[in-house]
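Enquirer: Please see the structure below; I have some questions.
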Amino acid sequence: LDSPDLYNGLFIVNPNFRELHSAEIPLPNLAMPIIRSVQSLLRSRGQPLFTALAKPDTVRQILQEPYAVSSAIDDTLVDVLLTPLLTPGASDVVFDTLSYSAGPLPEQQLGEAGFPKGEKCPVWIC
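In this text, residue positions in the sequence shown follow my numbering: the first is 18, and each later residue adds one.
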């Protein structure tokens, strides 16, 4: 974003839980204090829950939601996704991701003045 002249297109896969972002939820003045409390609780006491969920069967079940073709969810996919979650410090990264509920969204940053738009720099956000 700091040097838009270095590229001529942009494709962003946004893995953050956007439904928890203050710009995306209804009644943010009411909901955000509750969301922040849950996020804080997860950060301080969520390790046992993380440990309980970081299992092959749980990952396989979670993948049923985004994968329309359940046969694509094989042992290799589960292993590729689960193995990094089992490294030291991974739970901190997961909790940081779940705790991102403020700050600019990618489309807000890309809409700033000075960022090329239209055919000069197509942008796709998924």
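The beta-carbon is built from N, C-alpha and C at its ideal position, and this holds for glycine as well.
(1) Whole-angstrom Cβ separation of Gln56 and Leu115, contact assumed at under 8 angstroms?
(2) Taking the straight line between their C-alpha atoms, what separation do you get for Ser61 and Ser88?
(3) According to the neighbour-count rule (16 or more other Cβ atoms, all chains shown, within 10 Å of its Cβ), is Gly26 buried or exposed?
(4) Any C-beta of chain D sitting closer than 8 angstroms to the C-beta of Lys72?
(5) If you drop the 5 nearest sequence neighbours on each side, which residues of the same chain put their C-beta closer than 7 angstroms to that of Pro73?
(6) Keeping to the same chain, check which residues put their C-beta closer than 8 angstroms to that of Ile90; ignore five residues upstream and five downstream.
(7) May I have the straight-line CA-CA distance separating Leu102 from Leu47, to the nearest angstrom?
(8) Is the beta carbon of Gln64 closer than 8 angstroms to that of Ser20?
(9) Which of the three DSSP states, helix, strand or coil, is assigned to Pro83?
(10) Please state whether DSSP places Ser54 in a helix, a strand or coil.
(11) Kindly list the residues whose CB is nearer than 6 angstroms to the CB of Val86, restricted to its own chain and excluding five residues on each side of it in sequence; keep chain order.
Expert: The answer reads as follows:
(1) 6 angstroms
(2) 37 angstroms
(3) exposed
(4) Protein chain content of the structure displayed is limited to a single chain, and chain D is not contained in it.
(5) Val95, Leu99
(6) Arg77, Leu80, Gln81, Tyr84
(7) 33 angstroms
(8) no
(9) coil
(10) helix
(11) none
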